[in-house]
Amino acid sequence: MKINLLFALSLLVSATVSAEDIKIDLKQLAQQYFDTMVATQAPGATQVELENHLNLFADDVGHSHLPWVIDDTRLPDGKEQMREGMTFYLGAHTEYSAELLDVFTFNNSAIAIRYKNYAKGVHPQNNQPIEYSQVMMEVLEIENGKITVIRKYHE
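So in my numbering, the last one in the sequence shown is 342, and the numbering has no gaps at all.
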């Protein structure tokens with residue numbers, strides 16, 4: 188009986204420690220997300236920068252970028268779809284800069300970041316010059332220390 192009670196208590200303590208290990212500093216994650224995202228947009232960005240960014244995501248990450256991508260459904264190959272889409276645009280900018288304006292955190296489950304960016308380059312699909320500056324807000328949902336849903340909005 189004592190052995191069963193001891194075993195049950197050890198499982199409870201183990202589960203509590205595991206749950207504590209998953210708690211993360213959301214402000215730090217927001218900064219890491221922003222830094223790695225900016226690195227993927229820089230001229231000369233490579234697969235290394237892309238993989239550093241994708242390492243923050245769950246495998247089934249969902250993504251919307253209104254008005255172009257409206258379905259943020261989490262699919263088993265969500266990270267692979269993002270890798271494919273981001274690889275297509277990798278290296279398209281000849282100039283890129285971004286400034287983080289605001290970070291908001293919501294309990295342990297969500298982050299909102301607001302930033303201003305400037306980009307100049309050539310669109311890889313139509314080879315037309317592009318140049319824009321915009322204010323963006325991204326809402327990131329978090330589970331088990333990984334980004335599970337990304338929603339991008341333009342101001």
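Beta carbons are placed, not taken as given, at the ideal position from N, Cα and C, and that holds for glycine.
Distance between Gly-308 and Ile-317 (C-alpha atoms, nearest Å)
In the sequence shown, the residue the question calls residue 317 occupies position 130. In the sequence shown, the residue the question calls residue 308 occupies position 121. Between Ile-317 and Gly-308, the C-alpha separation is close to 5 Å.
Quick check: the Cα distance between Ile-257 and Glu-325, rounded to an integer number of angstroms?
As a first step, residue 257 must be located in the sequence shown, where it is residue number 70. As a first step, residue 325 must be located in the sequence shown, where it is residue number 138. Taking the straight line from one Cα to the other gives about 14 Å.
What is the DSSP secondary structure of Gln-321, reduced to helix, strand or coil?
Counting from one through the sequence shown, the residue named residue 321 turns up at place 134. Correct three-state label for Gln-321: strand.
Roughly how many angstroms lie between the CA atoms of Lys-266 and His-280, to the nearest whole one?
Taking the first residue of the sequence shown as 1, we reach residue 266 at position 79. Taking the first residue of the sequence shown as 1, we reach residue 280 at position 93. Approximately 22 Å, taken between the alpha carbons.
The beta strand (DSSP E) spanning Leu-288 covers which residue range?
For the purposes of this step, residue 288 is identified with residue 101 of the sequence shown, where counting begins at 1. Here the beta strand (DSSP E) through Leu-288 covers 280-293.
Collapsed DSSP secondary structure at Ala-229 in the structure displayed
Against the sequence shown, residue 229 aligns to sequence position 42. The DSSP-derived three-state label of Ala-229 is coil.
Pairwise C-alpha distance: His-250 and Gln-215:
Residue 215 sits at position 28 when you count from the first residue of the sequence shown. Residue 250 sits at position 63 when you count from the first residue of the sequence shown. Their backbone Cα atoms lie some 21 Å apart in a straight line.
What are the boundary residues of the beta strand (DSSP E) that includes His-252?
On the sequence shown, residue 252 is found 65 positions in, with the first residue counted as 1. Per DSSP, the continuous beta strand (DSSP E) segment holding His-252 begins and ends at 244-252.
To the nearest angstrom, report how far apart Glu-342 and Leu-253 are at their CA atoms.
Along the sequence shown, one-based indexing puts residue 342 at 155. Along the sequence shown, one-based indexing puts residue 253 at 66. Each residue's Cα considered, the two are about 11 Å apart.
Going by the DSSP bridge assignment, what does Ile-211 pair with across the sheet?
Within the sequence shown, residue 211 is the residue found at index 24, counting from 1. Paired residues: none, contrary to the question.
In three-state DSSP terms, what is Leu-241?
By 1-based counting over the sequence shown, the position of residue 241 is 54. In the three-state reduction of the DSSP assignment, Leu-241 falls in the helix class.
By DSSP, does Arg-301 sit in helix, in strand, or in coil?
Locating residue 301 in the sequence shown gives position 114, counting from the first residue. The answer is strand: DSSP assigns Arg-301 an E or B state.
Would you decide whether Ala-195 is buried or exposed? Buried here means 16 or more other CB atoms lie within 10 Å of its CB.
By one-based count along the sequence shown, residue 195 stands at place 8. Interpretation of Ala-195 is limited by its pLDDT of 46, a score under 50 that renders its predicted location unreliable; no figure is taken from the coordinates.
Quick check on the burial criterion: 16 or more other C-beta atoms within 10 angstroms. Buried or exposed for Asp-222?
Taking the sequence shown and counting its residues from 1, one reaches residue 222 at position 35. Exposed, by the Cβ-count rule.
For Phe-275 and Pro-311, what's the separation of their Cα atoms in angstroms?
Numbered from 1 along the sequence shown, position 88 holds the residue referred to as residue 275. Numbered from 1 along the sequence shown, position 124 holds the residue referred to as residue 311. In this structure, the straight-line span from the alpha carbon of Phe-275 to that of Pro-311 is close to 7 Å.
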